[in-house]
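Participant: Residue numbers (UniProt numbering): 1 to 435. For every residue, glycine included, the Cβ atom is placed at its ideal position computed from N, Cα and C. One structure is given below, represented as structure tokens, and several questions about it will come after.
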Ligand SMILES: CC(=O)N[C@H]1[C@@H](OP(=O)(O)OP(=O)(O)OC[C@H]2O[C@@H](n3ccc(=O)[nH]c3=O)[C@H](O)[C@@H]2O)O[C@H](CO)[C@@H](O)[C@@H]1O
Ligand SMILES: C=C(OP(=O)(O)O)C(=O)O
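Quick look at the structure:
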């Protein structure tokens with residue numbers, strides 16, 4: 001188990017460039033299975049989950065060449081479907097959430113897709129019904145081995161149809177979309193998720209020859225084609241990382257420039273931090289956070305009632321930033337309710353923040369009320385364990401703002417999604433060591 005040692009209480013300064021988006025990378029990498037032609041991808045983040053998926057593709061027989069930092073070519077012209085029944089696949093496929101999106105492309109191109117129950121954050125129930133209901137609607141036969149937690153779908157030829165998803169699942173929409181592009185006839189997906197990750201995937205599929213309309217909306221129309229060709233794709237910057245650095249800057253009273261953020265793809269993210277009173281300035285395509293010498297004051301609603309920050313499917317606020325917004329609220333002036341609607345076990349990490357001296361009431365598993373210190377009291381350093389990727393980074397931000405030296409164990413959770421985080425934070429003045 002890896003550990004970070006963090007000496008808190010230092011202001012940071014400088015520029016930080018976000019990595020390529022983790023959740024986009026997981027979709028885009030699975031899409032390479034849809035064609036026998038070469039696909040070139042740039043800005044792939046060097047993080048544990050993505051590297052695990054690249055290794056899975058390699059084990060499936062995809063020819064992979066590294067062309068430079070973050071740039072790879074992929075050629076899936078000789079896929080080894082037997083690997084899908086191997087014990088190694090049953091073990092390795094479990095290692096991350098994103099592996100679930102191998103199923104749609106495999107089903108579409110080869111008529112069968114299998115996956116063990118995928119991993120990812122333990123943040124509450126993470127069901128897969130939406131994915132498999134979609135495949136069944138397209139004509140696939142579904143089977144599930146309860147003993148091995150092994151899912152499978154098979155179909156000679158998928159047939160386009162209309163479907164209304166039971167929820168706007170991000171990976172579910174990507175999976176069904178990747179199956180539908182090679183189905184016979186027209187598929188309509190209503191209540192589709194439309195995060196920038198999905199917009200990017202859709203645009204890539206169109207460049208490969210797919211016929212998709214409604215990109216960016218919750219109504220996708222896909223006219224199936226016989227086959228797809230190669231393309232080149234560049235990942236957007238990771239919006240969750242960008243949000244993490246905004247929170248870090250405010251909480252440590254640091255002046256920070258976050259470079260090349262693709263501002264127009266950030267949706268509600270700047271707005272959510274601004275509601276906490278944080279100055280988030282657009283400088284070209286950079287985010288500039290000035291030093292918050294006098295702190296930041298939570299904005300109430302027009303009628304004076306207490307602010308609630310809640311997640312929602314895109315274009316609502318992503319749930320992946322709520323843990324970070326919660327931590328940043330600890331030093332705000334005022335009160336805020338953080339409502340994590342999607343996941344039921346994602347707020348339990350507040351216990352560690354209470355140990356550090358934060359004023360938080362966990363109202364129920366989904367809601368926490370934070371009463372800000374307005375920097376009148378500093379958090380105390382402590383020893384903690386990272387329960388999931390975003391809670392891990394939130395604890396890291398808390399530790400960097402705290403008085404004294406903290407330790408965070410189980411940092412593998414953080415490495416799952418943040419590239420070389422210790423080195424990049426040291427470059428802007430953080431005192432952090434990997435021990
Ligand atoms: C690899 C990857 O891309 N992971 C992301 C993906 O996970 P993932 O695709 O697994 O998450 P889903 O979008 O399927 O759903 C996440 C949770 O939200 C609930 N839900 C979802 C949609 C909805 O309209 N209402 C609702 O309550 C689901 O029941 C589930 O508990 O999307 C999540 C939601 O943005 C993010 O937290 C994850 O980082
Ligand atoms: C929940 C997350 O990731 P995953 O879906 O990969 O567990 C996340 O990125 O915050």
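To the nearest angstrom, how far is it from the Cα of residue 155 to the Cα of residue 134?
Facilitator: As a position in the chain shown, residue 155 is number 155, starting the count at 1. As a position in the chain shown, residue 134 is number 134, starting the count at 1. Roughly 13 Å between the two C-alpha positions.
Participant: Using only CA atoms, which one of 127, 378, 420 lies nearest to residue 151?
Facilitator: Here residue 151 refers to the residue found at position 151 of the chain shown. For the residues 127, 378, 420, the minimum Cα distance to residue 151 belongs to 127.
Participant: May I ask you to report which of helix, strand or coil DSSP gives residue 436?
Facilitator: One cannot answer for residue 436 here, as it falls past the ends of the chain, which runs 1 to 435.
Participant: Check whether the Cβ of residue 121 sits closer than 7 Å to any heavy atom of ligand 2, and report yes or no.
Facilitator: Here residue 121 corresponds to residue number 121 of the chain shown, with the count starting at 1. Residue 121 Cβ: within cutoff of ligand 2.
Participant: Check residue 200 in the structure and name its three-state DSSP category.
Facilitator: In the chain shown, counting from the first residue as 1, residue 200 sits at position 200. Helix, per DSSP.
Participant: Touching or not, the region 384 to 391 and the region 113 to 123, by the rule of three or more beta carbon pairs under 8 Å?
Facilitator: yes
Participant: So what does DSSP say about residue 413, is it helix, strand or coil?
Facilitator: By one-based count along the chain shown, residue 413 stands at place 413. Reduced to three states, the DSSP call for residue 413 is helix.
Participant: Please report the straight-line C-alpha distance between residue 221 and residue 383, rounded to a whole angstrom.
Facilitator: For the purposes of this step, residue 221 is taken as residue 221 along the chain shown, with counting starting at 1. For the purposes of this step, residue 383 is taken as residue 383 along the chain shown, with counting starting at 1. Near 51 Å, if we compare the C-alpha coordinates of residue 383 and residue 221.
Participant: Looking only at its chain, what residues have a beta carbon closer than 6 Å to the beta carbon of residue 180, apart from the 5 residues adjacent to it on each side?
Facilitator: Reading the chain shown from its first residue, position 180 is the one you call residue 180. Excluding its 5 nearest sequence neighbours in each direction, residue 180 has C-beta neighbours in its own chain below 6 Å: 187, 222, listed in chain order.
Participant: Beta carbon of residue 397, beta carbon of residue 358: below 8 Å?
Facilitator: Taking the chain shown and counting its residues from 1, the one referred to as residue 397 is at position 397. Taking the chain shown and counting its residues from 1, the one referred to as residue 358 is at position 358. No.
Participant: For residue 78, I'd like the list of residues in its chain whose CB is within less than 8 Å of its CB, leaving aside the five on either flank, ordered along the chain.
Facilitator: Here residue 78 corresponds to residue number 78 of the chain shown, with the count starting at 1. Once the five neighbours on either side are set aside, the close Cβ partners of residue 78 are 61, 63.
Participant: Under a Cβ-count criterion, where at least 16 other Cβ atoms within 10 Å of its own Cβ denotes burial, should residue 91 be classed as buried or exposed?
Facilitator: By 1-based counting over the chain shown, the position of residue 91 is 91. So residue 91 ends up on the exposed side.
Participant: Indicate whether residue 28 and residue 72 have their beta-carbon atoms separated by less than 8 Å.
Facilitator: Along the chain shown, read from residue 1 onward, the residue named residue 28 stands at position 28. Along the chain shown, read from residue 1 onward, the residue named residue 72 stands at position 72. It is not a contact, given that the beta carbons lie outside the stated cut-off.
Participant: Can you tell me whether DSSP reads residue 45 as helix, strand or coil?
Facilitator: For the purposes of this step, residue 45 is taken as the residue at position 45 of the chain shown. Here residue 45 sits in coil by DSSP.
Participant: Hey, could you find the ends of the beta strand (DSSP E) residue 65 is sitting in?
Facilitator: For the purposes of this step, residue 65 is taken as the residue at position 65 of the chain shown. For residue 65, the enclosing beta strand (DSSP E) begins and ends at 63 to 68.
Participant: Between the Cα of residue 239 and the Cα atoms of 182, 428, 417, 368, which residue gives the shortest distance?
Facilitator: Residue 239 sits at position 239 when you count from the first residue of the chain shown. It is 417 whose Cα lies nearest to the Cα of residue 239.
Participant: For the candidate residues 47, 284, 275, whose alpha-carbon lies nearest to that of residue 264?
Facilitator: Taking the first residue of the chain shown as 1, we reach residue 264 at position 264. Residue 284 is the option with its Cα nearest to residue 264.
Participant: Enumerated in chain order, which unbroken segments of the beta strand (DSSP E) with a length of 3 residues or greater are wholly contained in the region 69 to 132?
Facilitator: 71 to 75, 112 to 116
Participant: Does DSSP put residue 325 in a helix, a strand or coil?
Facilitator: As a position in the chain shown, residue 325 is number 325, starting the count at 1. In this structure, residue 325 counts as helix in the three-state DSSP scheme.
Participant: If we count the other Cβ atoms within 10 Å of its Cβ and call it buried at 16 or more, is residue 171 buried or exposed?
Facilitator: Position 171 of the chain shown holds residue 171. Buried: at least 16 other Cβ atoms inside 10 Å.
Participant: Inspect the beta-carbon positions of residue 203 and residue 189 and report whether they are closer than 8 Å.
Facilitator: In the chain shown, counting from the first residue as 1, residue 203 sits at position 203. In the chain shown, counting from the first residue as 1, residue 189 sits at position 189. Taking 8 Å as the Cβ cut-off, residue 203 and residue 189 do not qualify as a contacting pair.
Participant: Which residue's Cα is closest to the Cα of residue 191: 52, 165, 113?
Facilitator: Locating residue 191 in the chain shown gives position 191, counting from the first residue. Comparing Cα-Cα distances from residue 191 to each of 52, 165, 113, the minimum goes to 165.
Participant: Please report how far the alpha carbon of residue 14 lies from the alpha carbon of residue 25, in whole angstroms.
Facilitator: Here residue 14 refers to the residue found at position 14 when the chain shown is read from its first residue. Here residue 25 refers to the residue found at position 25 when the chain shown is read from its first residue. Between residue 14 and residue 25, the C-alpha separation is close to 27 Å.
Participant: Give the straight-line distance between the Cα atoms of residue 114 and residue 142, rounded to the nearest whole angstrom.
Facilitator: Taking the first residue of the chain shown as 1, we reach residue 114 at position 114. Taking the first residue of the chain shown as 1, we reach residue 142 at position 142. Put simply, the backbone Cα of residue 114 is about 10 Å away from that of residue 142.
Participant: Check residue 273 in the structure and name its three-state DSSP category.
Facilitator: Position 273 of the chain shown, counted from the first residue, corresponds to residue 273. It is helical.
Participant: Examine ligand 1 and report whether any of its heavy atoms sits within less than 7 Å of the Cβ of residue 50.
Facilitator: Taking the first residue of the chain shown as position 1, residue 50 is located at position 50. Checking the Cβ of residue 50 against ligand 1 gives no.
Participant: Tell me the DSSP bridge mates of residue 226?
Facilitator: Here residue 226 is taken as the residue at index 226 of the chain shown, counted from 1. According to DSSP, residue 226 bridges with nothing at all.
Participant: According to DSSP, is residue 4 helix, strand or coil?
Facilitator: If you number the chain shown from 1, residue 4 lands on position 4. If DSSP states are grouped into helix, strand and coil, residue 4 belongs with the strands.
Participant: Return the CA-CA distance between residue 197 and residue 23, expressed in angstroms with no decimal places.
Facilitator: Along the chain shown, read from residue 1 onward, the residue named residue 197 stands at position 197. Along the chain shown, read from residue 1 onward, the residue named residue 23 stands at position 23. Rounded to whole angstroms, residue 197 to residue 23 spans 7 Å at the Cα level.
Participant: Give the straight-line distance between the Cα atoms of residue 176 and residue 242, rounded to the nearest whole angstrom.
Facilitator: Counted from its first residue, the chain shown places residue 176 at position 176. Counted from its first residue, the chain shown places residue 242 at position 242. Roughly 28 Å between the two C-alpha positions.
Participant: Pick out whichever of 381, 370, 98, 211 has its Cα sitting closest to the Cα of residue 355.
Facilitator: As a first step, residue 355 must be located in the chain shown, where it is residue number 355. Here the closest residue by C-alpha is 381.
Participant: Taking 7 Å as the cut-off, is the C-beta of residue 357 nearer than that to any heavy atom in ligand 2?
Facilitator: Here the question's residue 357 lines up with position 357 in the chain shown. No, the beta carbon of residue 357 sits no closer than 7 Å to any heavy atom of ligand 2.
Participant: Ligand 1 and residue 126: does any heavy atom of the ligand fall closer than 7 Å to the residue's C-beta?
Facilitator: Stepping through the chain shown from its first residue, residue 126 is reached at position 126. The nearest non-hydrogen atom of ligand 1 is less than 7 Å from the C-beta of residue 126.
Participant: Okay, do the region 267 to 281 and the region 291 to 310 touch, 3+ Cβ pairs below 8 Å being the bar?
Facilitator: yes
Participant: Closer than 8 Å is the cut-off here; do at least three beta carbon pairs connect the region 230 to 238 with the region 249 to 268?
Facilitator: At 8 Å Cβ cutoff, the stretches touch.
Participant: Work out the CA separation of residue 290 and residue 254 for me, nearest whole Å.
Facilitator: In the chain shown, residue 254 corresponds to position 254, counting from 1. In the chain shown, residue 290 corresponds to position 290, counting from 1. Spanning the two alpha carbons is a distance of roughly 7 Å.
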